[in-house]
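There are 2 protein chains.
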Amino acid sequence: MTDTGKSSQQLIKEANMNLVFRLIHKNGAISRADIKKITSLSATTVSSLVEELIGEGFVEECGIKKTKSSGRKAVMLKVKADGGFFAGLDVKKNIIRADLYGLDFTLEKSIERSLSDGESLAMGIMQAIGTLSRNKKIIGVTIGLPGVIDPGTNSLISSTVLAADDVKDIYSILKEAMPDVDVYIKNNSGLIALAEKEFGNHGRADNLISVDINDGVGAGILVDGKIYEGSGMGGEFGHMSVDFGGRKCKCGSYGCLELYASVPEILSLTETSSLGELAEKLSFGQKKKEVLQVTRALAFGINNIVNLLDPEIIVIGGSVITLGEHFLDAIKESFREIALIKDKKIVYSDIKENPVTLGGVRFSFDRMFGF
Amino acid sequence: MTDTGKSSQQLIKEANMNLVFRLIHKNGAISRADIKKITSLSATTVSSLVEELIGEGFVEECGIKKTKSSGRKAVMLKVKADGGFFAGLDVKKNIIRADLYGLDFTLEKSIERSLSDGESLAMGIMQAIGTLSRNKKIIGVTIGLPGVIDPGTNSLISSTVLAADDVKDIYSILKEAMPDVDVYIKNNSGLIALAEKEFGNHGRADNLISVDINDGVGAGILVDGKIYEGSGMGGEFGHMSVDFGGRKCKCGSYGCLELYASVPEILSLTETSSLGELAEKLSFGQKKKEVLQVTRALAFGINNIVNLLDPEIIVIGGSVITLGEHFLDAIKESFREIALIKDKKIVYSDIKENPVTLGGVRFSFDRMFGF
DNA sequence: TTCAATTTGTACAGTCATTGGACAAATCGG
DNA sequence: CCGATTTGTCCAATGACTGTACAAATTGAA
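Same order as they appear, the protein sequences are chains A and B.
Under this note's numbering, the first residue of the first sequence carries the number 1, and numbering increases by one thereafter.
Under this note's numbering, the first residue of the second sequence carries the number 372, and numbering increases by one thereafter.
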């Protein structure tokens, strides 16, 4: 059943422990008796697992439940916010964003810094984590970056933005510095999708596509609540072709979505110099025809995804959100015209934090507490 | 950990039992000692699980291992081919194909029949299963059909080919007739993909796309070795648009793949009356230009899938296979021209049996013996 | 032929996470 | 103040697994 050295019984215990912890985490405040009812574990087991969780500092009691029912009052349990911290990093070409989150997913600390002259990416990352971890017990680090990462070795295989050599040994350097902390290096798009599922204000969807529109156009794919990776190079939504007779793209294909819907192309097609300017014009009813080219292409791309994967929801994020509801409505309208599944949910992301670091933190959490 | 009434210990036992059985199944002939080494279960546990499997009639001893090593000779174990039978059905508009497979996946019996006048689909299916099951202990039935099925209730939600009313209660009728047999109703595309993974002669890929080209163009998607279903309506590869300025499709969109690459369109674009005729012409170097329209469109579609999902392999099946290697080569050539990931494996299906029933049987198997 | 060495498979006792029942603790309402 | 009710812990029993001991079977060398 297992290749780890653990015996099956230990695995069961671990699974039940995770189950209980996740339940406490999800519910905010919950009693042992409630846990027993929900999990259908025995009262004894719940008690002993909770005792252990308290011993590890992950859970604490937080007062007495107030109800008007008869009987002994229940002692409530909650996650101990400072029982451990997760660091999430969003690495771009020259900028490192690093966020520290508590066990209850409250943002504790944020750093954003660019690389100083001659500083390597690995050093910059180490530095950032060092700053975050001052006086805090970090139990997980996930680094999101644009590129293909081998999930087995955590090493970068390729990236259009980052130099592979810079990144290649980040994992080993980090691991050496903090041998007992779980470190993950992941593609940023997948982390965004995970963040959308967990922290977006649109019902929790286990099959979800997040579309990220900035300088490029990417997609994160969630299957059964988990980040889909395929052979590692998926999510290149920007190079989905919707017009095989169209312009040649730098990827070698023709009529790729990126030629219509990336931010630079949007600005160029609409002859505006910033998204802010375009947003204003849209609100005055201007540039409708030009924007239609963009939204129609996007609608075709999204429809292609929907026909292929039929996710529960499509979440659009990235800087295009500044274009406002007019833009989203235009996408939806084009979509409805051509779609087979017309009522598919298409929404803007409503996450205020950095979705890459937030998704990264959630990823660490899931790895640590079982999913 | 579980919502079933079973205790965790029972779940462990079941998991280990499945592990052992699948190992025996996969290896053909294997000794208890080998199982111990591979699974790292204790010798005692292996012995007791095997004993139980033999008791249930799923496994039998099959002689002594011949080796020249010293020590006591190992008793070999194999799956008892007639320990139980799986029925797989491929339901089309008016034709029911039903195959019976032994526990070791040897084809035991095949039926193909059309519905007689006034006979309902459910009755036809019942009849077919009845014929198959004569003197045979059926332990699983999976019915593959074109349409959207709710995996929870096993009822048809919609189908472009079958009448929903005909199908709606197949599951309950079957269940009533054979209450202790597992019955599944699944979309046919997914079953094809599963069959490709398990029975195709191209390394076992856990992330695989099967493209089925017949009157329509469909896709089956395998993620982590399991059939991907999304909200249920995925796999509509035929309605992926690759040319948003193209012809209007009956689905409401424009330039869908089905308008280029479905068999009727292929024949029309190449002005031939059958795939056989076209195959012959291709082998004489004729119709190259006309076929290029088809293969180029397909290449764009496949490239879109690859960029989005990056599966390990794309397997093309359906009646287009009769067009032979010329056709496949043309697809690959167009693909290489435009692809970002140029070395992606694209192959024809080499499954000789009916992939829908075969995939269905494998599906039953996986459900029964844990995956 | 006989015996040491080796490998296979079973028997038995011990381990450990879980469970159910008994029970103490705590609270409400009459 | 006491019965009813709910919460949470203690304890013995269950059951699946493991390790050790051991019997069975086979090879090869003395």
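Note that CB positions come from ideal geometry on N, CA and C, so glycine has one too.
Residue-level contact to chain B via CB, residue i, 8 Å cutoff
i, result
"A/Val-242", "yes"
"A/Asp-310", "yes"
"A/Asn-304", "yes"
"A/Val-223", "yes"
"A/Gly-12", "Before going on, a small fix: residue 12 of chain A reads as Ile here, not Gly. Cβ-Cβ to chain B under 8 Å: yes for A/Ile-12."
"A/His-202", "no"
"A/Gly-230", "yes"
"A/Ser-8", "yes"
"A/Ala-219", "yes"
"A/Thr-357", "no"
Check whether residue i and residue j have beta carbons under 8 Å apart
i, j, result
"A/Gly-370", "A/Asn-18", "yes"
"B/Val-462", "B/Gly-515", "yes"
"A/Met-240", "A/Gly-301", "yes"
"A/Phe-327", "A/Thr-295", "yes"
"A/Asn-187", "A/Gly-235", "yes"
"B/Gly-434", "B/Ala-452", "no"
"A/Ser-189", "A/Gly-218", "yes"
"B/Leu-653", "B/Gly-695", "yes"
"B/Val-613", "B/Ala-668", "yes"
"B/Phe-734", "B/Leu-565", "yes"
"B/Leu-562", "B/Gly-731", "yes"
"B/Leu-628", "B/Gly-609", "yes"
"B/Val-677", "B/Ile-712", "yes"
"A/Phe-105", "A/Phe-58", "no"
"B/Lys-436", "B/Lys-449", "no"
"B/Phe-509", "B/Ile-520", "First, the amino acid is wrong: residue 509 of chain B is Ile here, not Phe. Contact flag unset, no."
"B/Ser-379", "A/Ile-12", "yes"
Option nearest residue i by Cα separation, candidates the options
i, options, result
"A/Val-75", "A/Asp-34, A/Ile-96, A/Thr-44, A/Ser-42", "A/Asp-34"
"B/Ala-687", "B/Asp-700, B/Asn-678, B/Ser-645, B/Pro-522", "The sequence given here has Ile at residue 687 of chain B, not Ala. Ranking B/Asp-700, B/Asn-678, B/Ser-645, B/Pro-522 by Cα distance to B/Ile-687 puts B/Asp-700 first."
"B/Thr-772", "B/Ser-402, B/Ala-469, B/Ile-722", "Outside the shown range of chain B (372 to 742) lies residue 772 of chain B, about which nothing can therefore be said."
"A/Val-161", "A/Ile-139, A/Asp-215, A/Asp-350, A/Tyr-171", "A/Asp-215"
"A/Asp-350", "A/Gly-140, A/Ile-331, A/Ser-319, A/Arg-362", "A/Ser-319"
"B/Asn-578", "A/Ser-8, A/Met-233, A/Leu-11", "A/Met-233"
"A/Ser-121", "A/Asp-169, A/Met-368, A/Leu-132, A/Glu-280", "One point to set straight first is that residue 121 of chain A is Leu, not Ser, in the sequence displayed. Here the closest residue by C-alpha is A/Asp-169."
"B/Asn-387", "B/Thr-410, B/Ser-705, B/Asn-674, B/Ser-440", "B/Thr-410"
"A/Ser-253", "B/Lys-408, B/Gly-523, B/Ser-705", "B/Ser-705"
"B/Ile-598", "B/Asn-572, B/Cys-620, B/Lys-568", "B/Lys-568"
"A/Ser-110", "A/Ser-133, A/Asp-117, A/Glu-119", "A/Ser-133"
"A/His-25", "A/Arg-247, A/Leu-11, A/Ser-42, A/Val-50", "A/Val-50"
"A/Lys-353", "A/Glu-52, A/Thr-45, A/Leu-100, A/Leu-53", "Checking the sequence, you will find Glu at residue 353 of chain A rather than Lys. Cα-wise, what sits closest to A/Glu-353 is A/Leu-100."
"A/Val-141", "A/Ile-321, A/Leu-174, A/Pro-151", "A/Leu-174"
Residue i at chain A interface by Cβ criterion, 8 Å
i, result
"B/Gly-616", "yes"
"B/His-396", "no"
"B/Met-739", "no"
"B/Asn-558", "no"
"B/Phe-608", "yes"
"B/Gly-623", "yes"
"B/Asn-585", "no"
"B/Ser-529", "no"
"B/Asn-760", "Examination of residue 760 of chain B is not possible in this model, given that chain B is present from 372 through 742 alone."
"B/Met-604", "yes"
"B/Arg-733", "no"
Check: residue i C-beta below 7 Å from any heavy atom of the ligand FMN
i, result
"B/Glu-661", "The model on display carries no ligand, and the ligand FMN is accordingly not part of it."
Can at least three beta-carbon pairs, one atom from the stretch 709–716 of chain B and one from the stretch 546–558 of chain B, be found at a separation below 8 Å? Contact fails: fewer than three Cβ-Cβ distances are below 8 Å.
Contact between the stretch 463–479 of chain B and the stretch 493–501 of chain B is defined here as three or more beta-carbon pairs at a separation below 8 Å; is this criterion met? The stretch 463–479 of chain B is in contact with the stretch 493–501 of chain B.
Which of the residues in the stretch 307–338 of chain A, read from start to end, lie with their CB under 8 Å from any CB of chain B? Those residues of the stretch 307–338 of chain A that come within reach of chain B (Cβ to Cβ, closer than 8 Å) are Asn-307, Leu-308, Leu-309, Asp-310, Pro-311, Glu-312, Glu-337, Ile-338.
With a cut-off of 8 Å, do at least 3 Cβ pairs link the stretch 638–647 of chain B to the stretch 679–686 of chain B? No, the stretch 638–647 of chain B is not in contact with the stretch 679–686 of chain B.
For the stretch 653–676 of chain B, which residues have a CB atom closer than 8 Å to at least one CB atom of chain A, in sequence order? Cβ contacts with chain A come from Arg-667, Ala-668, Phe-671, Asn-674, Asn-675, Ile-676.
Between the stretch 259–269 of chain A and the stretch 631–638 of chain B, do at least 3 Cβ pairs fall closer than 8 Å? The answer is no - the stretch 631–638 of chain B does not touch the stretch 259–269 of chain A, with fewer than three Cβ pairs under 8 Å.
Residues of the stretch 134–150 of chain A with Cβ closer than 7 Å to any Cβ of chain B, in chain order: Residues: none.
Between the stretch 708–724 of chain B and chain A, which residues of the former have CB atoms less than 9 Å from a CB of the latter, in chain order? Within the stretch 708–724 of chain B, the residues whose Cβ lies closer than 9 Å to any Cβ of chain A are, in chain order, Glu-708, Ile-709, Ala-710, Leu-711, Ile-712, Lys-713, Lys-715.
Taking beta-carbon pairs under 7 Å, can you tell me which members of the stretch 75–100 of chain A lie near chain B? So nothing in the stretch comes that close.
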